[in-house]
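Chemist: Per UniProt numbering, the sequence shown runs over residues 1 to 212.
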Amino acid sequence: MTTPVGRGAFIVLEGCDRAGKSTQCRLLVEKLKDSNIPAELVVFPDRSTPIGQVISEYLKKEVQLPDQAIHLLFTANRWERAEEIKSKLEKGCTLIVDRYSYSGVAYSSAKEKKTSSFQWYKNPEEGLPKPDAVFYLNLEPEIIAERKGFGGERYESAQFQKDVAECFKKLNDGSWKIVDADKLIEDLTTELYSYVTEIVRLSKDKPLGVMW
Ligand code: ADP
Ligand code: FDM
Ligand code: MG
Numbered sequence: 001m002t003t004p005v006g007r008g009a010f011i012v013l014e015g016c017d018r019a020g021k022s023t024q025c026r027l028l029v030e031k032l033k034d035s036n037i038p039a040e041l042v043v044f045p046d047r048s049t050p051i052g053q054v055i056s057e058y059l060k061k062e063v064q065l066p067d068q069a070i071h072l073l074f075t076a077n078r079w080e081r082a083e084e085i086k087s088k089l090e091k092g093c094t095l096i097v098d099r100y101s102y103s104g105v106a107y108s109s110a111k112e113k114k115t116s117s118f119q120w121y122k123n124p125e126e127g128l129p130k131p132d133a134v135f136y137l138n139l140e141p142e143i144i145a146e147r148k149g150f151g152g153e154r155y156e157s158a159q160f161q162k163d164v165a166e167c168f169k170k171l172n173d174g175s176w177k178i179v180d181a182d183k184l185i186e187d188l189t190t191e192l193y194s195y196v197t198e199i200v201r202l203s204k205d206k207p208l209g210v211m212w
């Protein structure tokens, strides 16, 4: 690895289930490393921590929790990684992040019996490190439906995903790059990689932002 100059970039991939986020995050990290750009993958929820284990049980429908409680656990799961994220970025490591606060707000506020307001779901995310770029992998629900079937986890239903997509739209402050994800895996990686390298270049000398 070459010695990094400047800080690493904080890049988030967002989108509905099966849009291709996890596939692209993995491939982008590999491609960056192949080009000697220090990079790591971060995945939310991080199911490996004690908080993450409760989230995992919730998603597998093994435990029930009030909407507010699970929302705050997803947020806490980001807060428990925040210092490490900042430190890695400062050391010049670019982070490719599979979901972030935007999934947090979109999924919680898409729930049928909304127990809290959009703003309420945004509030506990305030103060977290802010991504340098958000890439939203956009895919029509009909095409999503053609991809491998849903598993048995919570939120995995076609109607709910449509509602989530609407909430994502509401959350976009205009700064997101909306990427058409309906293409071959390798073509999408090539497209995303060109955006990613540009963000890496632009972020080197910029201070890291704070949510929102
Ligand atoms: P996500 O993380 O957004 O839920 P994944 O990357 O896990 O999505 O992909 C969901 C499914 O779709 C997987 O079976 C994956 O192999 C497949 N897939 C991913 N990208 C594409 C693509 N561009 N075209 C067709 N199938 C894809
Ligand atoms: N999810 C994910 C949330 O509801 N809130 C969050 O803050 C985050 C990061 O958890 F249904 C939801 C989105 C999805 C599930 O699934 C995680 P994947 O397939 O592991 O991304
Ligand atoms: Mg995924």
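Cβ atoms here follow ideal geometry from the backbone N, Cα and C, with glycine treated the same way.
Computed from a prediction, not measured in an experiment: that's the story for all the values here.
How should asparagine 77 be labelled, buried or exposed, when 16 other C-beta atoms within 10 angstroms of its C-beta is the threshold for buried?
Modeler: buried
Chemist: At what residues does the beta strand (DSSP E) containing phenylalanine 10 begin and finish?
Modeler: 10 to 14
Chemist: Does the beta-carbon distance from lysine 162 to proline 141 come in below 8 Å?
Modeler: yes
Chemist: In its own chain, which residues sit with a C-beta less than 6 Å from the C-beta of cysteine 167, not counting the 5 before and 5 after it?
Modeler: Ala106, Ser109, Ala110
Chemist: Tell me, please, which residues DSSP counts as bridged to phenylalanine 135.
Modeler: Leu13, Lys177
Chemist: Could you spell out where the beta strand (DSSP E) holding glutamate 112 opens and where it closes?
Modeler: From DSSP, glutamate 112 is part of no beta strand (DSSP E); its letter is neither H nor E.
Chemist: Is glycine 151 buried or exposed, if buried means 16 or more other CB atoms sit within 10 Å of its CB?
Modeler: Burial check for glycine 151: the Cβ neighbour count within 10 Å stays below 16, so the residue is exposed.
Chemist: Lysine 183 bridges to which residues according to DSSP?
Modeler: Lysine 183 pairs with nothing; no bridge assigned.
Chemist: Pick out whichever of Ser103, Leu188, Lys31 has its Cα sitting closest to the Cα of leucine 95.
Modeler: Lys31
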